[in-house]
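One structure below.
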Amino acid sequence: MNFDLTEEQALIAKSARDFAARVLAPRAADRDVTGRFPVEELQELASLGLLGVTVPGAFGGSEAGTMAYSLAMTEIARADASVSVAMAVTNMAAELICRWGTETQKKAHVPKLVGGPYLCGAFALSEPQSGSDAAAMKTTATPAPGGYRIAGTKQWITSGTHAGLFVIWAKTNPGAASRGISAFLVEKGTPGLTVGKAEEKMGLHGSSTVQLHLEDLFVPEDQRLGREGDGFRIAMTALDGGRIGIASQALGIATAALEQSARYASERVQFGVPLAEHQAIRFMLADMSTALEASRLLTWRAAFLKDQGLPFTREAAMAKLYSTEAATRACDSAIQIHGGYGYTREFPVERYLRDARVGRIYEGTSEVQRMVIAREILKSGVLS
Ligand SMILES: Cc1cc2nc3c(=O)[nH]c(=O)nc-3n(C[C@H](O)[C@H](O)[C@H](O)COP(=O)(O)OP(=O)(O)OC[C@H]3O[C@@H](n4cnc5c(N)ncnc54)[C@H](O)[C@@H]3O)c2cc1C
Numbered sequence: 001m002n003f004d005l006t007e008e009q010a011l012i013a014k015s016a017r018d019f020a021a022r023v024l025a026p027r028a029a030d031r032d033v034t035g036r037f038p039v040e041e042l043q044e045l046a047s048l049g050l051l052g053v054t055v056p057g058a059f060g061g062s063e064a065g066t067m068a069y070s071l072a073m074t075e076i077a078r079a080d081a082s083v084s085v086a087m088a089v090t091n092m093a094a095e096l097i098c099r100w101g102t103e104t105q106k107k108a109h110v111p112k113l114v115g116g117p118y119l120c121g122a123f124a125l126s127e128p129q130s131g132s133d134a135a136a137m138k139t140t141a142t143p144a145p146g147g148y149r150i151a152g153t154k155q156w157i158t159s160g161t162h163a164g165l166f167v168i169w170a171k172t173n174p175g176a177a178s179r180g181i182s183a184f185l186v187e188k189g190t191p192g193l194t195v196g197k198a199e200e201k202m203g204l205h206g207s208s209t210v211q212l213h214l215e216d217l218f219v220p221e222d223q224r225l226g227r228e229g230d231g232f233r234i235a236m237t238a239l240d241g242g243r244i245g246i247a248s249q250a251l252g253i254a255t256a257a258l259e260q261s262a263r264y265a266s267e268r269v270q271f272g273v274p275l276a277e278h279q280a281i282r283f284m285l286a287d288m289s290t291a292l293e294a295s296r297l298l299t300w301r302a303a304f305l306k307d308q309g310l311p312f313t314r315e316a317a318m319a320k321l322y323s324t325e326a327a328t329r330a331c332d333s334a335i336q337i338h339g340g341y342g343y344t345r346e347f348p349v350e351r352y353l354r355d356a357r358v359g360r361i362y363e364g365t366s367e368v369q370r371m372v373i374a375r376e377i378l379k380s381g382v383l384s
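Going by our numbering, the first residue of the sequence shown is number 1, and it counts up by one from there.
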C-alpha cells in the first residue's frame with residue numbers, strides 16, 4: 001500500500017477541504033439547530049464533482065477512485081456530518097447502478113445523480129420490522145403487465161424528502177428468502193411513492209430520515225436493477241463499499257473533535273496553566289490521536305483494496321467497526337476536555353458526539369460488522 005497521494009487524490013481532498021471550510025463549516029451549527037436540508041450545499045458538491053468521486057467519467061463522475069472518495073468524505077464530515085451522509089448515500093447509489101445497471105439505466109440515471117438534477121439519491125432497504133435482518137423485508141414487487149407493482153413500507157430512508165432517485169428493494173419471490181429479493185430504480189414523484197413520518201433524531205439534524213410508503217407503485221421492468229433475485233447481493237456489495245464511506249465520515253468527525261480539543265486545551269487555563277499542560281488532558285489527546293490514525297490506516301487499506309479490484313469485505317467491515325467506535329470515544333473525550341462548556345452548544349463537540357453516534361448503527365451495526373468479520377476470517381482461514 002502506497003501512502004503517497006496521487007496528484008488527483010490530493011487535488012480532490014483540497015477541493016473538498018476548501019469547500020468544507022468556505023461553505024459548510026460556517027453554517028453547520030445552524031443546520032443542526034434548524035434541521036435545514038442542505039440543498040444548495042449538495043448542488044455545489046455536485047458542481048465540484050464531489051458527488052460522484054468514484055463514478056466513471058462517461059457517466060458524469062470524477063473517476064478518481066475510492067481513496068480520493070475517502071479523503072473527500074473525511075473533509076466534508078469534518079465540517080458537517082449531515083452533508084456527508086447525503087453524499088455517501090448518493091455515491092453508493094451511483095456506484096451500484098454503474099455496477100449492476102444496463103447501459104440505458106446508467107445513462108438515464110447516473111449523470112443526474114452525480115451532476116445535480118436529482119440533487120441526491122436514496123437507498124431504501126430497511127423496514128420497520130427488518131433492519132439488521134434485511135432479508136426479512138415484507139415489501140413485495142408483484143408482476144404486472146410491463147413491470148411490477150410494489151407495496152410496503154421502508155424505514156429510516158436518508159434524504160428521502162429530497163432525493164431525486166430511490167433504489168428500492170422488494171421481494172419478487174417471497175418464498176425464496178434472500179434469493180427472492182430484487183432492486184428497482186424509482187424516480188421522485190412516481191405515483192404510489194410517498195414520504196411519511198420524519199424521524200426526530202439525536203444528531204445529523206441536517207439530514208432527513210423518513211418512512212416511505214409504497215402503495216401500488218408501478219415500476220416498469222426496465223427499471224429493475226440486475227436480474228430478479230439479485231437484489232440482496234446488490235445491496236450487500238453496495239454496503240461493502242458504503243462502509244468505507246461511513247468509516248471515512250467517522251474519521252472526519254473524530255478529526256474535528258481532536259482539532260477542537262487541542263485548541264481548547266491550549267487556551268483554557270486552570271490551576272494557572274493551560275489544560276494542555278495537565279498530563280491527564282495530554283493523555284486524552286494522545287489516545288484520540290492514536291485511535292484516529294488507526295482508523296485512517298484501516299480505512300485507507302480498505303479503500304486501497306477496493307481500488308485494486310481485490311476483495312475488501314472484511315477490511316471495510318473492520319474499518320467501519322473500528323472508526324465509528326473510535327469516533328464516539330474521541331467525541332466523548334472532547335466533551336470531557338471542554339468540561340461544562342463541552343456539554344453546551346457554545347462549542348461544537350456535543351454535536352460531534354450526536355452526529356458520530358449513528359455511525360455504529362447505520363450501514364450495519366457494530367454487531368453486524370463483527371458478524372461479517374468473523375464470517376470472513378472463518379471462511380478464508382486468514383487470521384491477520
Ligand atoms: C439516521 C439513520 C439513517 C439510516 N439510513 C438508512 C438508509 O438510508 N437506508 C436504509 O435502508 N436504512 C437506513 N438506516 C437503517 C439502519 O441501517 C438500521 O437502523 C440498522 O441496520 C439496524 O437495524 P434496526 O434499527 O432495525 O436494528 P435491529 O436490527 O433491530 O437491531 C437492534 C440491536 O440488535 C442487534 N442485533 C440484531 N441482530 C443481531 C444478531 N444476529 N446478533 C447480535 N446482535 C444483533 C443490533 O446490532 C442492534 O444493536 C438508517 C438508520 C438511521 C438511524
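The beta carbon of each residue, even a glycine, is placed where N, CA and C say it ideally should be.
Segment limits, beta strand (DSSP E) that includes V39: Counting along the chain, V39 falls outside any beta strand (DSSP E), though it belongs to the alpha helix (DSSP H) covering V39 to S47.
Ignore the nearest five residues each way along the sequence and tell me which others in T102's own chain have a CB closer than 8 Å to its CB. D222
Beta-carbon separation (whole angstroms), F123 vs A93, contact threshold 8 Å: 6 Å
Would you list the residues sitting across from T194 in a DSSP beta bridge? H213
Note down, one range per segment and in chain order, each alpha helix (DSSP H) of at least 4 residues found wholly within the region 117-142. none
Sort out for me which residues DSSP pairs S182 with in a bridge. A170
Whole alpha helix (DSSP H) elements within the region 229-304, 4-residue minimum: 231-267
Please report how far the alpha carbon of A46 lies from the alpha carbon of S380, in whole angstroms. 40 Å
Do T209 and ligand 1 come close, with the Cβ less than 6 Å from some heavy atom? yes
Going by beta-carbon coordinates alone, are R357 and T313 separated by less than 7 Å? no
Could you round the C-beta distance between G180 and G229 to whole angstroms and report it? I think they count as a contact, below 8 Å. 6 Å
Cβ-Cβ distance between A183 and L212 below 7 Å: no
Can you check whether the CB of A141 is closer than 7 Å to the CB of A163? no
Separation of V269 from T344, as counted between CA atoms: 19 Å
Starting from the C-beta of Q105, find all residues in its chain whose C-beta is less than 8 Å away, skip the five residues before and the five after it, and write them out in chain order. I97, L185, D222, Q223 and L225
Here's a check: name, in chain order, each residue in its chain whose Cβ is nearer than 6 Å to the Cβ of E367, leaving out the five neighbours to either side. none
Rounded to the nearest angstrom, how far is the Cβ of A77 from that of S248, given a contact under 8 Å? 7 Å
On a CA-only basis, which of V167, A256 and M236 is nearest L214? Give me that one, please. V167
Do you know offhand how far N173's Cα is from F347's? 51 Å
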